[in-house]
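A short write-up of the structure that comes next.
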Amino acid sequence: MMFAIDEINNSTSLLPNIKLGYELYDSCSESLVAVQTTLLFLTRNGTNKVPMLCNYTDYNSRVIAVVGPAQSTLALITARLLSFFLIPQISYAASSEKLSDKEDFPSFFRTIPSDKNQSAAMIEIVHHFHWNWVAVIGSDDDYGQQGIQMFASLASDASICIAHQGLIPVQASNTQTVDSKIPDILYNINKSQVNVIVLFSGDQAAMPLIKQFIKSGLDKKIWVGSEGWVSSDLISSIPDVETIGTVIGFVTKGSVMPGFDDYITYTVAQLGLKSNITGMYDAVKRQPFNVYTAVYSIAYALHELLNCTSGVCRQWPKAKPWELLEEVRRVQFSVYNDTFQFDYNGNPNTGYDVITWKWNNGELQLTTIGEYNSELYINQSLIHWYTGSNQAPQSVCSQKCEAGQIMIEKGYHSCCYDCISCMDGYFQNLSDPLDCTACPDSQWSPKKSTVCYDRTLIYTFWGDPAVIGLLIMLSISLILIISVIILFMKKLDSPMVQASGGNMCVLTLFALISLCTSALSFIGRPTDTICKIQQLWFSTSLIVVLSTMLIKSLQLLLSTECQSLPVSYIKWLKGPGTWFIIFFNICIHYAIWGWYFYTGPPQVKEDYSTSPSAIVLYCDINSFVNFCIMFGHNACLAFICFFCSFMVQPPVKTYNMSRGITFSMLGCLLVWTFFIPIFATIQCKLKAAVQMNTIMLCSLIITGLYFLPKCYIILFKPEKNTISYFLQHSMNLRSVNEGATTSSEESHRSNSTMTENQPQ
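For the sequence shown, the positions run 0 to 759 when numbering that gives the first Met the number 0 is used.
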């Protein structure tokens with residue numbers, strides 16, 4: 000302060016013809032001393048009293064401006080007194096954010112950034128190194144309390160969790176309280192397993208904490224320090240202080256003041272002080288620059304207030320403190336090539352230098368590694384980490400979750416969580432890291448995924464091994480049926496073919512071909528049209544087969560068990576009755592189908608539940624009841640065929656023409672009996688395969704049990720494929736070519752069975 004005032008008084012341009020005077024007082028860090036000194040400043044000029052006035056507009060106090068004090072606690076007290084008289088007060092070290100409130104402290108200014116800026120800078124440092132699990136310790140005064148309070152308020156927005164928050168007692172007279180509180184603070188720090196300690200304190204309060212930390216032998220930590228202690232020689236002189244870990248902190252920006260070292264040396268010599276005062280200054284050389292700036296801001300404000308131009312200041316007798324206050328608010332000047340000014344809240348436009356501790360042969364070096372002024376810049380390579388590596392140690396409550404995992408919070412801190420992998424069908428959405436998002440129905444995802452993938456389409460395709468097997472079975476069935484057709488067409492006039500139904504057998508065989516080939520409609524990607532066609536094709540083919548079998552079974556029943564009926568009935572059944580029965584059954588069948596299509600036809604459905612990575616396309620019958628009614632008609636025909644043929648009771652050792660119908664219909668009924676519950680409960684992707692197998696089994700059963708035995712007789716037992724054989728051994732003479740004999744009805748009935756000694 001003396002250096003700055005001497006420079007100003009020797010200047011011929013800043014305040015020409017004016018000499019600034021000053022008074023220096025030591026507050027001894029005591030509020031009572033600070034109040035006494037402040038009251039002295041407020042006395043009327045030339046007296047030692049503060050008069051009681053109604054209007055202090057023209058009041059001339061002892062001083063026109065005040066520089067200091069350094070501590071925020073004292074500044075909060077003195078600023079209230081000085082603000083009442085609107086006397087400009089500029090502190091060089093008081094950083095409490097409360098002092099920014101212009102309603103309570105309208106005349107307070109400072110040349111050091113407020114603690115709000117420092118707290119924001121500390122948050123930036125912690126966030127820069129990805130630390131989110133820290134302990135915050137502050138001195139139990141306005142400086143420390145507000146510092147940790149502002150840090151805590153900003154921490155949540157930066158996703159930083161405070162594992163422990165503590166206050167260091169600062170009452171110097173109560174040593175016992177200090178000694179009892181600090182072990183508890185260190186215990187909680189150690190218990191929380193943090194690697195980073197944010198210390199917002201002055202050097203006097205920080206000293207016992209650091210001493211006890213060293214004495215306790217705790218693991219090294221990362222210390223993020225405020226400007227109140229990080230550059231203090233009081234802290235750096237603590238024995239073994241280099242063992243506490245890595246220290247990163249903030250100091251106010253400063254500049255080298257040319258001639259200041261020489262001024263100190265000269266002053267020391269004049270005052271007769273100890274010679275090491277220069278070394279003491281080196282440890283806190285940034286603070287003198289803030290004092291220097293504070294003095295110059297008053298001088299430049301006076302320059303404007305007194306209208307100092309052309310080497311003359313003309314308004315000195317009329318200058319009042321409140322007038323100077325207005326000029327201080329607007330002051331703007333250059334100091335060593337940097338522009339300085341105050342904002343609306345009386346805070347400077349300066350920031351911080353980021354420093355770290357480096358030890359060289361036991362000597363502490365404060366190394367500048369970056370700066371902060373609204374934004375943080377830091378050169379990480381200049382930091383010496385206590386781990387010995389070039390990587391910053393971690394300080395997190397929980398390790399970062401892997402891709403595809405979400406965080407489930409545990410306890411009271413958002414930084415403490417368990418990592419849970421997203422399940423199948425869910426993915427970790429980067430916009431919502433706390434919850435797994437379900438994939439759309441058309442997509443899927445494996446476990447622990449960050450994206451969804453399109454599902455593959457599954458249906459019965461031609462290259463499927465199961466389909467290839469069915470195609471082989473279909474080929475065999477078609478070969479058998481076509482072979483039977485060829486044989487029956489060549490032997491159409493033979494007694495065996497005529498007894499089996501003649502042309503009606505050929506119709507049955509062609510219907511069986513249609514029934515077999517209907518299985519092909521179940522292969523390939525289904526559509527709504529295909530779903531309708533495949534069921535209609537299959538059921539129509541089956542109804543024709545069953546209708547022709549019904550005609551034959553009725554013929555056998557009427558011929559053997561109803562012999563009293565006229566022959567004309569049998570002729571009608573073999574003639575126009577045949578087509579009537581077929582047409583009648585087809586009409587009933589299509590009426591049922593019409594109702595089925597009207598109430599809810601089969602259509603393509605997408606099944607998402609069968610496979611997590613695929614969509615199963617299948618034909619949904621829509622109404623299982625209607626489906627059962629539709630195929631119930633077929634089942635009724637098959638049962639009537641079975642019942643009619645089963646009712647035929649041939650004599651022992653006679654040729655049984657109805658046996659093939661009985662067993663083929665029984666086989667079909669059994670197949671459909673098993674098909675219904677299986678089809679109702681099986682997975683959607685297998686429904687087509689089950690129905691195709693059912694179709695093939697029905698075709699093979701009818702072909703194998705009804706037609707192949709007759710082919711065997713035609714090919715390998717030609718002696719039995721004669722009219723005489725059927726006249727003697729057939730149980731149904733009426734089914735043989737009617738032109739073969741003109742015998743009477745009694746003779747026909749007497750020759751309808753074989754004798755017991757004749758072979759079947």
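Backbone N, C-alpha and C fix where the C-beta goes; we use that ideal spot for every residue, glycine too. Here the structure is a predicted model, which means the values were calculated and not measured.
State buried or exposed for residue i, treating a residue as buried only when at least 16 other CB atoms are found within 10 Å of its CB.
{"i": "Gly387", "result": "exposed"}
{"i": "Asn389", "result": "exposed"}
{"i": "Arg313", "result": "exposed"}
{"i": "Lys273", "result": "exposed"}
{"i": "Cys53", "result": "exposed"}
{"i": "Gly593", "result": "exposed"}
{"i": "Ser155", "result": "exposed"}
{"i": "Val624", "result": "exposed"}
{"i": "Leu508", "result": "buried"}
{"i": "Thr11", "result": "exposed"}
{"i": "Ser200", "result": "buried"}
Helix, strand or coil for residue i? Go by DSSP, reduced to three states.
{"i": "Ser380", "result": "helix"}
{"i": "Ala687", "result": "helix"}
{"i": "Asn736", "result": "Unreliable placement is indicated for Asn736, whose pLDDT of 38 sits below 50; no coordinate value is reported for it."}
{"i": "Arg313", "result": "coil"}
{"i": "Ala437", "result": "strand"}
{"i": "Met51", "result": "coil"}
{"i": "Arg79", "result": "helix"}
{"i": "Asp261", "result": "helix"}
{"i": "Tyr592", "result": "According to the sequence as given, residue 592 is Trp; it is not Tyr. Trp592: helix per DSSP, three-state reduction."}
{"i": "Trp767", "result": "Nothing can be reported for residue 767, as the shown portion of the chain is limited to 0 through 759."}
{"i": "Leu669", "result": "helix"}
{"i": "Asp178", "result": "helix"}
{"i": "Phe84", "result": "coil"}
{"i": "Tyr597", "result": "helix"}
{"i": "Val125", "result": "helix"}
{"i": "Phe104", "result": "coil"}
{"i": "Ser12", "result": "coil"}
{"i": "Gln269", "result": "helix"}
{"i": "Leu166", "result": "strand"}
{"i": "Tyr186", "result": "helix"}
On the DSSP bridge list, what partners appear for residue i?
{"i": "Leu365", "result": "Trp356"}
{"i": "Asp606", "result": "Val615"}
{"i": "Ile161", "result": "Val133"}
{"i": "Thr308", "result": "Val311"}
{"i": "Met472", "result": "Its beta-bridge partners do not exist; DSSP assigns none."}
{"i": "Lys220", "result": "Gly244"}
{"i": "Met406", "result": "Cys418"}
{"i": "Asp527", "result": "Asp527 pairs with nothing; no bridge assigned."}
{"i": "Tyr58", "result": "Answer is none; Tyr58 lacks a bridge partner."}
{"i": "Arg43", "result": "Ser60"}
{"i": "Trp443", "result": "Tyr452"}
{"i": "Ile457", "result": "Val615"}
{"i": "Ser90", "result": "Arg109"}
{"i": "Glu370", "result": "Asp352 and Tyr376"}
Counting along the chain, where does the beta strand (DSSP E) carrying residue i start and finish?
{"i": "Ser138", "result": "Trp132 to Ser138"}
{"i": "Gly244", "result": "Gly244 to Thr251"}
{"i": "Asn255", "result": "The residue asked about is misnamed: residue 255 is Val in this sequence, not Asn. First-last for Val255: undefined, no H or E at that position."}
By alpha-carbon positions, which one of the options ends up nearest to residue i?
{"i": "Leu23", "options": "Val65, Gly523 and Ile17", "result": "Val65"}
{"i": "Ile136", "options": "Ala154, Asn116, Gln164 and Ile124", "result": "Gln164"}
{"i": "Tyr186", "options": "Ala162, Gln203 and Leu381", "result": "Ala162"}
{"i": "Gly659", "options": "Trp671, Phe645 and Thr672", "result": "Phe645"}
{"i": "Gly403", "options": "Gln393, Ile382, Lys409 and Leu429", "result": "Leu429"}
{"i": "Thr609", "options": "Asn16, Thr46 and Thr455", "result": "Thr455"}
{"i": "Gln764", "options": "Leu217, Ser179, Arg328 and Asn720", "result": "What is shown of the chain runs 0 to 759, which leaves residue 764 out entirely."}
{"i": "Val423", "options": "Thr672, Cys438 and Leu433", "result": "This sequence places Asp at residue 423; Val is not what is there. The candidate whose alpha carbon is nearest that of Asp423 is Cys438."}
{"i": "Pro182", "options": "Gln203, Gln211 and Ala205", "result": "Gln211"}
{"i": "Tyr385", "options": "Pro15, Asn360, Ile124 and Asn194", "result": "Asn194"}
Considering just the uninterrupted stretch of the alpha helix (DSSP H) at residue i, what are its terminal residues?
{"i": "Leu233", "result": "Asp232 to Ser235"}
{"i": "Val197", "result": "No alpha helix (DSSP H) contains Val197, which is instead part of the beta strand (DSSP E) from Val195 to Phe199."}
{"i": "Tyr343", "result": "Premise fails: Tyr343 is in no alpha helix (DSSP H) and is neither H nor E."}
{"i": "Thr507", "result": "Asn502 to Thr516"}
{"i": "Val496", "result": "Pro494 to Ser499"}
{"i": "Ser113", "result": "Careful: Ser113 lies outside any alpha helix (DSSP H) and carries neither H nor E."}
{"i": "Gln144", "result": "Asp141 to Ala154"}
{"i": "Gln211", "result": "Asp202 to Ser215"}
{"i": "Ser644", "result": "Phe623 to Met646"}
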